[in-house]
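Working notes for the structure below.
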Amino acid sequence: MSDKIAKLELSTDNMAEFPIYSPTYGYDVVDIRALGKQGFYTFDPGFLATASCESKVTYIDGDAGILLYGGYAIEPLAEHAQYSEVIYLLLHGELPSQAQNSALQKLLADKMAIPADVTKVLNGFSQDAHPMAMLMALVTCYQSYYGEVDLNDSAAREAAMLDLIAKIPTFSAICYRHSIGAEFIAPDSSLDYASNFLYMMFGEKPKPELALAMNRIFVLHADHEQNASTSSVRMVGSTGVNPFATMAAGIAALWGPAHGGANEACLKMLNEIGSVENIPEFIEKAKDKEDPFKLMGFGHRVYKNRDPRATFMKISCDEVLKATGNADAPLLKIASELEKAALADSYFIDRKLFPNVDFYSGITQTALNVPVPMFTVVFALARTTGWLAQWNELLSDPAYKIYRPRQLYTGAKERDYVPLNKR
Numbered sequence: 015m016s017d018k019i020a021k022l023e024l025s026t027d028n029m030a031e032f033p034i035y036s037p038t039y040g041y042d043v044v045d046i047r048a049l050g051k052q053g054f055y056t057f058d059p060g061f062l063a064t065a066s067c068e069s070k071v072t073y074i075d076g077d078a079g080i081l082l083y084g085g086y087a088i089e090p091l092a093e094h095a096q097y098s099e100v101i102y103l104l105l106h107g108e109l110p111s112q113a114q115n116s117a118l119q120k121l122l123a124d125k126m127a128i129p130a131d132v133t134k135v136l137n138g139f140s141q142d143a144h145p146m147a148m149l150m151a152l153v154t155c156y157q158s159y160y161g162e163v164d165l166n167d168s169a170a171r172e173a174a175m176l177d178l179i180a181k182i183p184t185f186s187a188i189c190y191r192h193s194i195g196a197e198f199i200a201p202d203s204s205l206d207y208a209s210n211f212l213y214m215m216f217g218e219k220p221k222p223e224l225a226l227a228m229n230r231i232f233v234l235h236a237d238h239e240q241n242a243s244t245s246s247v248r249m250v251g252s253t254g255v256n257p258f259a260t261m262a263a264g265i266a267a268l269w270g271p272a273h274g275g276a277n278e279a280c281l282k283m284l285n286e287i288g289s290v291e292n293i294p295e296f297i298e299k300a301k302d303k304e305d306p307f308k309l310m311g312f313g314h315r316v317y318k319n320r321d322p323r324a325t326f327m328k329i330s331c332d333e334v335l336k337a338t339g340n341a342d343a344p345l346l347k348i349a350s351e352l353e354k355a356a357l358a359d360s361y362f363i364d365r366k367l368f369p370n371v372d373f374y375s376g377i378t379q380t381a382l383n384v385p386v387p388m389f390t391v392v393f394a395l396a397r398t399t400g401w402l403a404q405w406n407e408l409l410s411d412p413a414y415k416i417y418r419p420r421q422l423y424t425g426a427k428e429r430d431y432v433p434l435n436k437r
């Protein structure tokens, strides 16, 4: 129970009271669920000031530049953790022991192979179809092979979650292989999660530095509080649909250029800049309020300081560029010089428009030879764990209800219908 109360004057003779709840971190939350009984709703386009759920999975402090997974700061996780540790943490709320981590890694490796018939769904896609469309089709198609999931059984939910987490690298890799007209490569159970994905993509066991970089991409993108795709997963999941369709909803939401497509948009911007010599011109365009051009990959909707994920993505970026010998590639040279120019300009410094994780992620994946259309697929692969953890938390909540937002209706008042032949 809350010991704090918010009072709201709804009319001159109606002072309503609502309980206030205090979180572990963050702003206090006013519980306005009873407001509808008073004949009012709140109006919050974009849900900028609305807590849609109670969660223990992830926490962000945008002003301080903090991201926590289950109470653990992203920095040590990005530096030291295997992705399997993060999977266990997000699903169970605690880090695994060595034995638990080894058992999880073996389970994921053993379940990574997919039924051959599932791949036939890709026959309906041309090679130039976007891989996110293919990924949604594969995930939903797989439901017919996996079967129904008893959503009231926590063990059944966990089994389905782990199966999906194991198979999403395979689904993702064959989307790429289909796009280049190449044969699909079966997973190698002797490889770790990140290495297996790169192996299925390119047909070669990756160098340790490259596998480490992909592992870090997975860790940094595993979850990010109630963003658009996670909220979509929770909303669709609240209808009681199976986890495969719920996952497809997350993939669809992530596809948008304002969300998971940001790193793809960043690379397109670098191509538009074209050469290092053009950087000053585009810096000025970004500062011109009358010019629609924006520096993609700088600043963040949530983080008003530095993006805590960007620091370690930059470390991976530098390591991959060195390991692959791509440091002097034209596009990556533009990115490097653009970063230096923006960080030396007071306009961007004063507005805290620092490079975010998408800026470095796009460069890192380019150096790994991941094509631009696959960037968002890699993001979805990494975010699968967070989506499923949030979905499971939703279904475990005693206060679980189907999502049903309200609206501010401003359309026409009720009108009389006149038959067509009399108009």
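When we follow this note's numbering, the leftmost residue of the sequence shown carries the number 15, and every step to the right adds one. Note that CB positions come from ideal geometry on N, CA and C, so glycine has one too.
- Assignment of beta-bridge partners to Glu23 by DSSP yields Met29.
- For Asp332, the enclosing alpha helix (DSSP H) starts and ends at 322–338.
- According to the DSSP secondary-structure assignment, Ile74 is paired through a beta bridge with Leu81.
- Contact annotation: Met228 and Ala208 have beta-carbon atoms nearer than 8 Å.
- Per DSSP, Trp401 is one residue of the alpha helix (DSSP H) stretching across 389–410.
- About 6 Å separates the CB atoms of Asp202 and Tyr213; that is less than 8 Å, so the two are in contact.
- The DSSP-derived three-state label of Lys221 is coil.
- Look at Ala200 here: in three-state DSSP terms it is coil, with no helix or strand label.
- If you draw a straight line from the Cα of Gly53 to the Cα of Glu333, it comes to about 58 Å.
- Looking at the DSSP output, Val43 sits in a beta bridge with Tyr35.
- Taking a contact as a CB-CB distance under 8 Å, the pair Pro110 and Leu118 counts as one, their CB atoms being some 6 Å apart.
- Membership of Pro145 in the alpha helix (DSSP H) is indicated by the continuous run 145–160.
- The residue among Glu218, Ser246, Met327 with its C-alpha nearest the C-alpha of Gly270 is Ser246.
- Scanning its chain for C-beta atoms nearer than 7 Å, with the 5 sequence neighbours on each side dropped, one finds no residue around Ser204.
- As a beta-bridge residue in DSSP terms, Pro369 pairs with Phe312.
- Using a Cβ distance threshold of 8 Å, Ile297 and Val153 do not count as a contacting pair.
- Assignment of Ala341 by DSSP, reduced to helix, strand and coil, places it in the coil class.
- Within a 10 Å sphere around the beta-carbon of Pro412 sit fewer than 16 other beta-carbons, which makes this residue exposed.
- Rounded to the nearest whole angstrom, the C-alpha separation of Ile34 and Ser25 is 21 Å.
- A straight-line Cα-Cα distance of about 22 Å links Ala127 and Lys221.
- With a 10 Å radius around the Cβ and a threshold of 16 neighbouring Cβ atoms, Pro59 comes out exposed.
- When secondary structure is reduced to three states using DSSP, Tyr317 falls in the coil class, being assigned neither helix nor strand.
- For Tyr374, the secondary structure class from DSSP, reduced to helix, strand or coil, is helix.
- With a beta-carbon spacing of about 16 Å, Leu346 and Ala356 fall beyond the 8 Å limit used to define contacts.
- For Gly251, the uninterrupted alpha helix (DSSP H) segment begins and ends at 242–251.
- A distance below 8 Å between beta-carbons, with the five flanking residues on each side excluded, links Lys70 to the following residues of its chain, in chain order: Gly84, Gly107, Glu407.
- Counted as a single uninterrupted DSSP element, the stretch harbouring Ser66 is not any alpha helix (DSSP H), since DSSP gives it neither H nor E.
- Of the residues Ser66, Cys67, Leu105, the one whose Cα lies closest to the Cα of Trp401 is Leu105.
- In this structure Gly40 is exposed. Its beta-carbon is surrounded by fewer than 16 other beta-carbon atoms within 10 angstroms.
- The beta carbons of Gly79 and Asn319 sit about 4 Å from each other, so the pair counts as a contact at 8 Å.
- In terms of Cα proximity to Leu103, the closest of Gln404, Pro385, Gly311 is Gln404.
- Between Leu268 and Ser243 a beta carbon distance of about 4 Å is seen, short of the 8 Å cut, so the two are scored as contacting.
- In this structure, Gln379 and Val392 form a Cβ contact; the two beta carbons are roughly 6 Å apart against a cut-off of 8 Å.
- For Gly274, no alpha helix (DSSP H) segment is defined, and its DSSP state is neither H nor E.
- Taking Asp42 as the centre and dropping the five residues before and after it, the same chain places the C-beta of Lys18, Ile34, Tyr35, Ser36 closer than 8 Å to its C-beta, in chain order.
- Sixteen is the threshold: since fewer than 16 other Cβ atoms of the shown chains lie within 10 Å of the Cβ of Ile194, the residue is exposed.
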